[in-house]
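Okay, structure first, notes after.
In the working numbering, the protein residues as written are 116 to 186.
Below, the structure is given as structure tokens:
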């Protein structure tokens, strides 16, 4: 028989951004989840039928640009 541990491990995320602001425009380059942490956010067990187990995981590393214009 297998014991099921429903406690999820803790995790830390590192989000980074660098950019410039002209007053009218803002441009930023960002990296979310810079360390590519595979965080387990939730746990679920299917009811009825076969007892399948599932974890919901966080988003992978995301790199992008943000452009904002004030008017």
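For every residue, glycine included, the Cβ atom is placed at its ideal position computed from N, Cα and C.
C-alpha gap between residue i and residue j, whole angstroms
{"i": "residue 136", "j": "residue 146", "result": "18 Å"}
{"i": "residue 157", "j": "residue 167", "result": "14 Å"}
{"i": "residue 178", "j": "residue 132", "result": "10 Å"}
Nearest candidate by alpha-carbon position, reference residue i, set the options
{"i": "residue 128", "options": "140, 144, 155 and 143", "result": "155"}
{"i": "residue 181", "options": "134, 122, 172 and 121", "result": "134"}
{"i": "residue 175", "options": "159, 160, 122 and 151", "result": "151"}
Secondary structure of residue i, DSSP reduced to three states
{"i": "residue 182", "result": "strand"}
{"i": "residue 171", "result": "strand"}
{"i": "residue 153", "result": "coil"}
{"i": "residue 123", "result": "coil"}
{"i": "residue 139", "result": "coil"}
{"i": "residue 130", "result": "coil"}
{"i": "residue 148", "result": "coil"}
Nearest-angstrom beta carbon gap, residue j and residue i [assumed within contact, 8 Å]
{"i": "residue 148", "j": "residue 172", "result": "Actually they do not touch by this definition, with Cβ atoms about 11 Å apart."}
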